[in-house]
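Chemist: Under full-length UniProt numbering, think of the first position of the sequence shown as 1, with each following residue one higher. Even for Gly, the Cβ is constructed at its ideal location relative to N, Cα and C.
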Amino acid sequence: MTTKINTNEDWNHILELAESDNNMAQYEVAVIYDSGLVIKGVEIVEESQSEAFKWYYKAYQNGNIDVITRIADFFSEGIHCEQNLELAIELYQKEIDKGNGLAANNLATVYRDLKDYKKAFEFYKIARDLDNSDSLPLALCYYFGIGTEKNLATSFEILLKISEDKSKSGNHQYAIDEANYFLGRIYLDGEIVEKSIVKALAFLKIANADNDHRSAQELLNIVGGND
């Protein structure tokens, strides 16, 4: 978002620009509809995926390249449009060729849903190489041997990097919590690292820091870490 919207007047102004075929304004209107807009507790714009798609598509038709990955998301799932996997894959690939890690990750989920796990793994790997911000799926592919040979050592390395991620633009908290949970499991198993209840407890407690990780809680109960 480049336009700051603080009032209804600001919203009406950018909407007018969008309606006059300004493709950047169309993109910004789409982004606002995608998640809605609340200012000081007052809802200015109600979330509307149908409106979001309409404006993303207008921006795309008018040459805005920033919308390509999001448009591909809609076409891949058939949200407020006819599903078109062929077009979605083509659009994702265009973005991947430009170095877009999110597009690679989203394309991986398309192949995952198609049960083509080798292709999914391939694009999770490309996503990690382009942008480390969402590498949990790759770590779990190695952990469980999905789409590739099981490799706990490689999974462990990736999980550690996720666990140690302190960057604002890095992994989501969910991914960090999951990474800590699986690191705890690895130390409990003791297959590729020396078994350590102490280290396992440390990672499991971090995973359950907000007291909302059921799987971590179950393991903590077993090893007496909920005292």
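#1: Check whether the segment 78 to 86 touches the segment 61 to 69, taking contact to mean three or more Cβ pairs, one atom from each stretch, closer than 8 Å.
#2: Going by DSSP in three states, residue 45 sits in which element: helix, strand or coil?
#3: Can you grab the Cα-Cα spacing for the pair residue 104 / residue 145, in whole Å?
#4: Going by C-alpha distance, which of 212, 192, 223, 127 is nearest residue 200?
#5: Please report the distance separating the alpha-carbon of residue 3 from that of residue 87.
#6: Just list the alpha helix (DSSP H) runs in the segment 146 to 176, keeping only unbroken ones of 4 residues or longer that don't cross its boundaries, in chain order.
#7: I'd like the ranges of any alpha helix (DSSP H) spanning at least 4 consecutive residues and lying wholly in the segment 13 to 41.
#8: Along the chain, where does the alpha helix (DSSP H) that runs through residue 72 open and close?
#9: Is the separation between the beta-carbon of residue 159 and that of residue 182 shorter than 7 Å?
#10: Would residue 121 and residue 101 be called neighbours here (beta carbons separated by less than 7 Å)?
#11: Enumerated in chain order, which unbroken segments of the alpha helix (DSSP H) with a length of 4 residues or greater are wholly contained in the segment 91 to 146?
#12: Alpha carbon to alpha carbon, what distance is there between residue 191 and residue 179?
#13: Cutting at 8 Å between CB atoms, please list the residues of its own chain near residue 43, excluding the five before and the five after it.
Modeler: In terms of the structure at hand:
#1: no
#2: strand
#3: 20 Å
#4: 223
#5: 30 Å
#6: 152 to 163
#7: 23 to 35
#8: 68 to 77
#9: yes
#10: no
#11: 101 to 113, 117 to 130, 136 to 144
#12: 17 Å
#13: 36, 37
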